[in-house]
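Residue numbers (my numbering), protein chains in the order written: chain A, 27 to 135; chain B, 947 to 1060. Below: the structure, in structure tokens.
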């Protein structure tokens, strides 16, 4: 079974701080890397799907990069807001999607 | 489009009972999957399917069966419920083969086994 690691496990930041998380995965049999945002008591929602080495994606204050050769992806949040509080999940697509355990972000006003 | 529809939303079972969690999607997605939410473990893959007639095991398949007789439906069967199967279950689907397609999740089924 694929070993997908996310770090840190949890993060507490002040409103306005910028932050970043890491997702590492085995680089073999890789098709794409997915990032999802998961709020408590809701369903996960897709942020990004990246397929190419060196890919960079951006949605508002959130961006992500991908390095398929070394098997990692970074998610960045610029100027965190309380509404960014959620668990952020990554999953490589290797014909199935196995999720990491996530990074739980809490942003305090 | 309704997207991914899961029923029921809530269910309470006694140990040893069986039941089927339903999942349907109207987006003509080839790929469908079932996850369970476990504290500290995130989402764990139970079973998945890349098309009608094709199913495969995920990370935690024991105690669960699936079938995929149509593109739209992917039911999850609990054969003999155990307290360890108390969890929130999510069904998710996506286009398969176009690797930039994201997963679309249902609203979840909260299952309690007593």
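We treat Cβ as the ideally placed atom computed from N, Cα and C, and that holds for glycine. The structure presented is a predicted model; accordingly, all values stated were derived computationally and were not measured.
How far does the beta strand (DSSP E) with residue i in it extend, from its first residue to its last?
{"i": "residue 1012/B", "result": "1010-1012"}
{"i": "residue 29/A", "result": "Looking at the DSSP string, residue 29/A is not in any beta strand (DSSP E), and its letter there is neither H nor E."}
{"i": "residue 953/B", "result": "950-953"}
{"i": "residue 997/B", "result": "988-997"}
{"i": "residue 958/B", "result": "956-959"}
{"i": "residue 1006/B", "result": "Careful: residue 1006/B lies outside any beta strand (DSSP E) and carries neither H nor E."}
{"i": "residue 984/B", "result": "977-984"}
{"i": "residue 38/A", "result": "36-40"}
{"i": "residue 966/B", "result": "965-971"}
{"i": "residue 1035/B", "result": "1033-1040"}
{"i": "residue 74/A", "result": "71-76"}
Nearest by alpha-carbon distance to residue i: which of the options is it?
{"i": "residue 956/B", "options": "1048/B, 1018/B, 990/B, 1032/B", "result": "1032/B"}
{"i": "residue 131/A", "options": "31/A, 29/A, 30/A, 41/A", "result": "41/A"}
{"i": "residue 1034/B", "options": "124/A, 66/A, 43/A, 121/A", "result": "66/A"}
{"i": "residue 32/A", "options": "129/A, 134/A, 107/A", "result": "129/A"}
{"i": "residue 109/A", "options": "75/A, 87/A, 122/A", "result": "87/A"}
{"i": "residue 146/A", "options": "135/A, 105/A, 54/A, 71/A", "result": "With chain A covering only 27 through 135, there is no way to say anything about residue 146/A."}
{"i": "residue 1002/B", "options": "114/A, 103/A, 121/A, 125/A", "result": "121/A"}
{"i": "residue 965/B", "options": "1041/B, 989/B, 1012/B", "result": "1012/B"}
For residue i, return the contacting residues in chain A, with the cut-off set at a CB-CB distance below 8 Å.
{"i": "residue 987/B", "result": "127"}
{"i": "residue 979/B", "result": "122, 123"}
{"i": "residue 991/B", "result": "122, 123, 124, 125"}
Identify the contact partners of residue i in chain B, using a Cβ-Cβ distance below 7 Å as the criterion.
{"i": "residue 119/A", "result": "1045"}
{"i": "residue 57/A", "result": "1045"}
According to DSSP, what are the bridge partners of residue i?
{"i": "residue 118/A", "result": "59/A"}
{"i": "residue 125/A", "result": "DSSP lists no partner for residue 125/A."}
{"i": "residue 102/A", "result": "46/A, 89/A"}
Find the residues of chain A that neighbour residue i, judging by a C-beta separation of less than 9 Å, and give them in chain order.
{"i": "residue 917/B", "result": "This structure leaves residue 917/B out entirely; chain B is present only between 947 and 1060."}
So with CB distances below 9 Å, who are the chain B contacts of residue i?
{"i": "residue 94/A", "result": "Near residue 94/A there are no residues of chain B at all, since even the closest Cβ is about 12 Å away, more than 9 Å."}
{"i": "residue 99/A", "result": "Going along chain B, no residue has its Cβ under 9 Å from residue 99/A, so there is no contact; the nearest lies around 15 Å."}
Taking C-beta pairs closer than 8 Å, name the residues in chain B that residue i reaches, listed in chain order.
{"i": "residue 115/A", "result": "988, 989"}
{"i": "residue 75/A", "result": "1045, 1046, 1047, 1048"}
If I'm right that residue i touches residue j with Cβ under 8 Å, what's the distance once you round it to whole angstroms?
{"i": "residue 90/A", "j": "residue 99/A", "result": "6 Å"}
{"i": "residue 1020/B", "j": "residue 978/B", "result": "4 Å"}
Residue i touches chain A at which residues, Cβ-Cβ below 7 Å?
{"i": "residue 994/B", "result": "122"}
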